[in-house]
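In the UniProt record's numbering, the protein residues as written are 1 to 96.
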């Protein structure tokens, strides 16, 4: 896979139609393995220190208010908002 050759340590596959998200990390054996969100649906990145998100946020319509997410453990929600904007262009955001 090209990602392995490039040394990409983590990648995500997000399917907005099926509302599924899969997370992959490059292991010590230079192969990817799937990483599941924790028992309450939170995925924590190992590549972006301190970044985590609730997977349900990716598919919520309308998306949760940014201030609500920012209050939730101080998450870097703006990264999630950027990601979601990239996936769902034209979606409106309530940042109040």
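Every residue, glycine too, gets a C-beta built ideally from N, C-alpha and C.
Rounded to whole angstroms, how far is the Cβ of residue 23 from the Cβ of residue 35, which I believe are closer than 8 Å? Numbered from 1 along the chain shown, position 23 holds the residue referred to as residue 23. Numbered from 1 along the chain shown, position 35 holds the residue referred to as residue 35. Contact flag correct, Cβ pair sits at about 5 Å.
Of the residues 61, 52, 17, which one's Cα is nearest the Cα of residue 41? Translated into positions along the chain shown, residue 41 becomes position 41. Checked all of 61, 52, 17; the closest Cα to residue 41 is 52.
Where does the unbroken alpha helix (DSSP H) through residue 5 begin, and where does it stop? Looking up residue 5 in the chain shown gives position 5. Unbroken alpha helix (DSSP H) run through residue 5: 2-6.
Nearest residue (CA-CA) to residue 69, options 61, 62, 54, 59: Reading the chain shown from its first residue, position 69 is the one you call residue 69. Per the Cα distances, 54.
Closer than 8 Å to chain C by CB, residue 52: In summary, chain C is missing from the structure at hand, where a single protein chain is found.
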